[in-house]
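Trainee:
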Amino acid sequence: MSHSYYLPQANEVELFEAAAGMNLPVLIKGPTGCGKTRFIETMGERLGREVYTVVCHDDLSAADLVGRHLIDENGTYWQDGPLTKAVRNGGICYLDEIIEARKDTTVVLHSLADYRRVLPIDRTGELIEAHPDFMLVVSYNPGYQNVLKGMKPSTKQRFISLSFTYPKPDIEKEVIIKESGVDEPTAQKLVNIAGEIRQLSDSDIQEAVSTRLLIYAAKLMVKGFDPYEACMHSIVESLSDEEDVLEVLQKLISLHFTKAE
Amino acid sequence: MDSKVSRLFSWSKVFLEDMDEKVGIFADSYLRKKASRLHEESGVSFESKEKSLKIFYHLLGGDKAKELHITDKRFIETSRTLLEKFSGKGKSFFLTWQDEKALYFPATLAYFNDKELNDMHYYWLCGMLSKVNLQGNDIITENIKATAFLTNKYAGFKNFYNKAKYLLVQNYPELSYIDSLNTEALLDDKSYPNPLWIYPSIATNAKLLNFNDEEEMGRQDGKEDKTEELKMKKKSNQIDDEKETDGLLLFLPESLMSFMEQVNVDRQENDSFDEDALYNARDLDEITLGKKDANLSSRVKMDLDISSRDVEDYPLGNGFLRDEWDYKKDMYLKKYVRIYPQVAINVEPIALPKRLNKMMKRIQSELDLMELDRLKIDNLPYGDEINFDAWIEYRGHQNKSNHPQRFFQSFEKKTRDMSTLLLADISLSTEAGVTQDIRVIDMIKDSLMVFSESLNRLEDSFGIYAFSSIKNKKVNFHIVKNFKEKYGDLVRGRIDVLKPGYYTRLGSAVRESGKILQKEQSQNRLLLILSDGKPNDTDRYDGRYGIEDTKKAIDEVRQMGITPFCITIDVEAREYLPYLFGRNSYTVIRDAKKLPKVLTEIYMNLTK
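Spelled out as structure tokens, the structure:
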């Protein structure tokens, strides 16, 4: 049945299943492109629950989550938001990058994320009790230092937390091969490159190369692109705009995949 | 007649030998160019590569605390062509090496007739440095091992190495040993240094740091150390610098007038403390090492007896008594510390110093980007656009009379609702030097000016305070700018007269700042702490007590809903800052010179 490919890094699958069984909400931390979204999709398939994904941004209002009135030829009607849909029908409501949402928006989650499991909708005066299959999952990237953003401790402390990192080299290699169909030596080289780039600190580079970018590079190579070019466009240019950093990354790639002459 | 000829002959011999040894900066540049086997026109300079190499070194897993420097020439005895002998070139070399503190590269690389290869040469050396460990290991096998590692792992290095080796051996037949594993043949008198290799540091090679009167450092008798067999030596004529000369010594040996230059190279502190001196020294065969080094501690000690002040610090009242945390008793010591708020008077208002204009211009472009952020404000009774959501909601609302009827939205410039208090540590340790002319305190002052200039332009509310302490008796709390005061020339004047003094009782200063920030009404309150080291004082504050009190103070501030963030230039800060501030609430800046720019950038990042 399962369509998505996901290779577990540790015991995250068991933990997630246990949390789902006990109706506990889950918080996933991890850098971009390390497989958070893919993990949720896979778990949705495994548990047979639909996944309602909401990507959060600073303009996201509570109405975007809960729902709003719309107009048609008969006048206004109420339209459920993704959160309300999941609460009513059961399913996983996945709030990606929850840190980007304004703090007052995330407060609507509080009554859902503890033992009450209810969602009050003040615009219609409804109080919806969550479906037994409803599960709340949020994720964020803890790497950014920012005073204005961040989860309120009162929100954070309602979740079971899973911490993700980039997969270990052999797992990552397998993922790249499986996702792109590239040969083993090339995948190994990509993993080596990633290992080296991830040595850099925040002052040099904002965030290290993700597994996702490595897969992009591998896919371009499979399509017939020169490996050096593929890496330049998928890895190097995506990571930085600073000339010094670009130069070094370029050099690094050329050391692994020599430029076609 | 006969004697005349023989005299002439011996004269020229002396002359030749003297040329050989001391020709230094006198050598005819034409002769040198001709003799040089370097391709200076396609050379690459370290300066242009420094930042890239540093990042590259990190990429390969190198120690992040290490700095990158230019190395001076090191003397290696070799056989030279006659032309080279005449021009004095080719007998000392820019070797690449490292010690615990830094990596040392040649100032330029120009072995190849191709800029790209010379460029790659730097990266190669950087790669070698990250792999070679000469500590107690044989230099040859280590270098060969590292070479094999790099060429196996990186196809690009393999190409470079093969090409470079071919060209080098062609150009320098002395180097034909490069690939031979026969160490004996290789250490023959053809010991021309391999530009692709890493050499031992001066310290391990020839205990130069001891300043013994050694003429030839490399040959300490008996030891079968391979590094010594390379016949490296560095002439270190120790001279007496008690007699301050102007650095130019004129003297007449029997036959030839020659002069040497004296450069104070601070070898004990840091090899490239003064890069200019090294640049000048580059072409000297002999660098005379003076015993005198730019010793900061002596200066610091002098200042301990506090100097007189022209600017008066006007104490505001008799100070306040504040609590301090004693971790051993697990309780507060009530009214234990006396804090003296004070403000400098008789201050000359000054404009933004010219040296900061360029930096401000660059920061301005980043500030402009931030100002583009506009915020949508919903649910207004009137405004620029109709908010359809509000209208539709109204249409669907059961009880229309009860509806607020705010149907408009507007886009307004974001008022960031932010109050920031910048707390600067101006303890005596900030008197330390960043370079020979610039002290840490100067960088802190520049930072404060750039910071306030930026926040003023952003229209963010901010205050600036500075502190130093003498035990619990007196914590000086200097008001540079409070939240109400407008930023202007006077504030800059107060920044300018800040002087390093005394110690760092950080906990008390943090508590006091918290009290001030608490009165601000903004939703986001940020306490930025600018520091150069651990909390310390002359009493028990120096140690665990100080750390614990500071931690307690920071926790208190957090309780008030204030976000503390620490920016430090103390490289060892990683040992205690995570404990004090948590993992995500501090930044260590390695290069104090960057502080002015980075401080403002950090602020912008924190509040974006």
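Heads up: the sequence lines are chains G and S, in that order.
Position 116, counted from 1, in the first sequence is what this note's numbering calls 166; the numbers after and before it change by one each time, with no gaps.
Position 477, counted from 1, in the second sequence is what this note's numbering calls 488; the numbers after and before it change by one each time, with no gaps.
The beta-carbon is built from N, C-alpha and C at its ideal position, and this holds for glycine as well.
List the endpoints of the continuous beta strand (DSSP E) containing P575/S.
Mentor: Along the second sequence, one-based indexing puts residue 575/S at 564. Element bounds for P575/S: 573 to 579.
Trainee: The alpha helix (DSSP H) with N547/S in it runs from where to where?
Mentor: Numbered from 1 along the second sequence, position 536 holds the residue referred to as residue 547/S. Unbroken run through N547/S: none, as it is neither H nor E.
Trainee: Tell me whether the beta-carbon of D389/S lies closer than 8 angstroms to the beta-carbon of Q420/S.
Mentor: In the second sequence, residue 389/S corresponds to position 378, counting from 1. In the second sequence, residue 420/S corresponds to position 409, counting from 1. Contact flag set, yes.
Trainee: Can you tell me the Cβ-Cβ gap for W336/S and D560/S, rounded? I've got them flagged as a contact below 8 angstroms.
Mentor: Position 325 of the second sequence holds residue 336/S. Position 549 of the second sequence holds residue 560/S. Yes, they are in contact, since the Cβ atoms of W336/S and D560/S sit about 5 angstroms apart, within 8 angstroms.
Trainee: DSSP has C143/G in a bridge; who is on the other side?
Mentor: Position 93 of the first sequence, counted from the start, is the residue given in the question as residue 143/G. Its beta-bridge partners are Y102/G, L186/G.
Trainee: Distance cutoff 8 angstroms, beta carbons only. Does H69/S sit that close to anything in chain G?
Mentor: The residue you call residue 69/S lines up with position 58 of the second sequence. Cβ-Cβ to chain G under 8 angstroms: yes for H69/S.
Trainee: Let me check one thing: in DSSP terms, what residues is H2/S bridge-paired to?
Mentor: No answer is possible for residue 2/S: the residues shown for chain S start at 12 and end at 619.
Trainee: At which residue ranges does the stretch 191 to 248 of chain G contain complete beta strand (DSSP E) runs of 3 or more residues, listed in the order of the chain?
Mentor: Counting only runs of 3 or more, we get 210 to 213.
Trainee: Could you work out which residues of chain G lie near D400/S, taking near to mean beta carbons separated by less than 7 angstroms?
Mentor: Within the second sequence, residue 400/S is the residue found at index 389, counting from 1. Neighbours of D400/S on chain G, chain order: A113, R118.
Trainee: Please classify G125/G: is it buried, with 16 or more other beta-carbons within 10 angstroms of its beta-carbon, or exposed?
Mentor: For the purposes of this step, residue 125/G is taken as residue 75 along the first sequence, with counting starting at 1. By the 10 Å Cβ count, G125/G comes out exposed.
Trainee: On the DSSP bridge list, what partners appear for P206/S?
Mentor: Taking the second sequence and counting its residues from 1, one reaches residue 206/S at position 195. Per DSSP, none; premise fails for P206/S.
Trainee: Could you pull the DSSP bridge partners for P170/G from this structure?
Mentor: Within the first sequence, numbered from 1, the residue matching residue 170/G stands at position 120. Answer by DSSP bridge pairing, in chain order: L177/G.
Trainee: When you compare only the Cα positions, how much space is there between E78/S and Y115/S?
Mentor: As a working mapping, residue 78/S is identified with position 67 in the second sequence. As a working mapping, residue 115/S is identified with position 104 in the second sequence. Approximately 9 angstroms, taken between the alpha carbons.
Trainee: Does any CB atom of chain G fall closer than 8 angstroms to the CB of G407/S?
Mentor: Indexing the second sequence from 1 puts residue 407/S at position 396. Judged by the 8 angstroms Cβ criterion, G407/S is in contact with chain G.
Trainee: Would you mind telling me which residues of chain G sit closer than 7 angstroms to S63/S, beta carbon to beta carbon, in chain order?
Mentor: For the purposes of this step, residue 63/S is taken as residue 52 along the second sequence, with counting starting at 1. Near S63/S (Cβ distances below 7 angstroms), the residues of chain G are D294, E297, V298.
Trainee: Kindly list the residues whose CB is nearer than 8 angstroms to the CB of K218/G, restricted to its own chain and excluding five residues on each side of it in sequence; keep chain order.
Mentor: The residue you call residue 218/G lines up with position 168 of the first sequence. These residues qualify, in order along the chain: Q59.
Trainee: Tell me which same chain residues have a C-beta within less than 8 angstroms of the C-beta of W135/S, skipping the five on either side of it?
Mentor: Mapped onto the second sequence, residue 135/S falls at position 124. Closer than 8 angstroms at the Cβ level, and outside the excluded window around W135/S, lie L161, F168, F171, Y172, A175, L207.
Trainee: Quick one: is G557/S buried, meaning 16 or more other Cβ sit within 10 Å of its Cβ, or exposed?
Mentor: As a first step, residue 557/S must be located in the second sequence, where it is residue number 546. With 16 or more other Cβ atoms within 10 Å, it is buried.
Trainee: With a cut-off of 8 angstroms on the beta carbons, I'd call S290/G and L296/G a contact; round off their distance for me.
Mentor: For this step, residue 290/G is matched to residue 240 along the first sequence. For this step, residue 296/G is matched to residue 246 along the first sequence. Contact holds; Cβ gap of about 6 angstroms.
Trainee: Is it a yes or a no for the stretch 572 to 579 of chain S touching the stretch 519 to 529 of chain S, going by three-plus beta-carbon pairs under 8 angstroms?
Mentor: A contact exists between the stretch 572 to 579 of chain S and the stretch 519 to 529 of chain S.
Trainee: Check distances from the C-beta atoms of the stretch 579 to 606 of chain S to those of chain G and list, in chain order, the residues that come in under 7 angstroms.
Mentor: Within the stretch 579 to 606 of chain S, the qualifying residues are N595.
Trainee: Please check if any C-beta of chain G sits within less than 8 angstroms of the C-beta of Y165/S.
Mentor: The residue labelled residue 165/S in the question sits at position 154 within the second sequence. Judged by the 8 angstroms Cβ criterion, Y165/S is in contact with chain G.
Trainee: Near I540/S, which residues of its chain fall below 6 angstroms by C-beta distance, leaving aside the five closest residues on each side in sequence?
Mentor: The residue given as residue 540/S occupies position 529 in the second sequence. So the qualifying residues of the chain are L434, C577.
Trainee: Between the C-alpha atoms of F331/S and E470/S, what's the straight-line distance to the nearest angstrom?
Mentor: Looking up residue 331/S in the second sequence gives position 320. Looking up residue 470/S in the second sequence gives position 459. If I take the Cα positions, the gap works out to 32 angstroms.
Trainee: In chain G, which residues lie less than 9 angstroms from K387/S when you measure between Cβ atoms?
Mentor: Reading the second sequence from its first residue, position 376 is the one you call residue 387/S. Near K387/S (Cβ distances below 9 angstroms), the residues of chain G are D109.
Trainee: Nearest by alpha-carbon distance to N493/S: which of V486/S, V502/S, S596/S, D334/S is it?
Mentor: As a position in the second sequence, residue 493/S is number 482, starting the count at 1. The shortest C-alpha separation from N493/S is found at V502/S.
Trainee: Could you check what DSSP says for T446/S in three-state terms: helix, strand or coil?
Mentor: Locating residue 446/S in the second sequence gives position 435, counting from the first residue. In the structure shown, T446/S sits in coil (DSSP, three-state: anything other than H, G, I, E or B).
Trainee: Out of curiosity, what's the CA-to-CA distance linking F399/S and D108/G?
Mentor: Position 388 of the second sequence, counting from 1, holds the residue named residue 399/S. Position 58 of the first sequence, counting from 1, holds the residue named residue 108/G. Approximately 19 angstroms, taken between the alpha carbons.
Trainee: With DSSP run on the structure shown, which of helix, strand or coil describes N216/S?
Mentor: Taking the first residue of the second sequence as position 1, residue 216/S is located at position 205. At N216/S, the pLDDT of 45 sits below 50, so the modelled position is not reliable; the number obtained from the coordinates is stated separately. Three-state result, N216/S: helix.
Trainee: Under the assumption that A258/G contacts P81/G (Cβ atoms under 8 angstroms), give the Cβ distance between them as a whole number of angstroms.
Mentor: Here residue 258/G refers to the residue found at position 208 when the first sequence is read from its first residue. Here residue 81/G refers to the residue found at position 31 when the first sequence is read from its first residue. 7 angstroms between Cβ atoms; contact.
Trainee: Which residues of chain G have a Cβ atom closer than 7 angstroms to the Cβ of F462/S, listed in chain order?
Mentor: For this step, residue 462/S is matched to residue 451 along the second sequence. Within chain G, no residue comes near F462/S; the closest Cβ sits about 15 angstroms away, beyond 7 angstroms.
Trainee: So that I know if they touch, is there some Cβ in chain G lying closer than 8 angstroms to that of Y134/S?
Mentor: In the second sequence, counting from the first residue as 1, residue 134/S sits at position 123. Output row for Y134/S: interface = yes.
Trainee: What residues in the stretch 157 to 182 of chain S bring their beta carbon closer than 8 angstroms to a beta carbon of chain G?
Mentor: Against chain G - using a Cβ distance shorter than 8 angstroms - the residues of the stretch 157 to 182 of chain S are K164, Y165, A166, G167, F168, N170.
Trainee: Is there a Cβ from chain G that is less than 8 angstroms from the Cβ of I527/S?
Mentor: Position 516 of the second sequence, counting from 1, holds the residue named residue 527/S. So no, I527/S is outside the interface.
Trainee: Taking I403/S as the query, report the chain G residues whose CB atoms sit under 8 angstroms from its CB, ordered along the chain.
Mentor: By 1-based counting over the second sequence, the position of residue 403/S is 392. Chain G residues near I403/S: R118, H119, L120, I121, T126.
Trainee: Is there a C-beta anywhere in chain S that falls below 8 angstroms from the one on L186/G?
Mentor: Reading the first sequence from its first residue, position 136 is the one you call residue 186/G. With 8 angstroms as the cut-off, L186/G does not count as an interface residue toward chain S.
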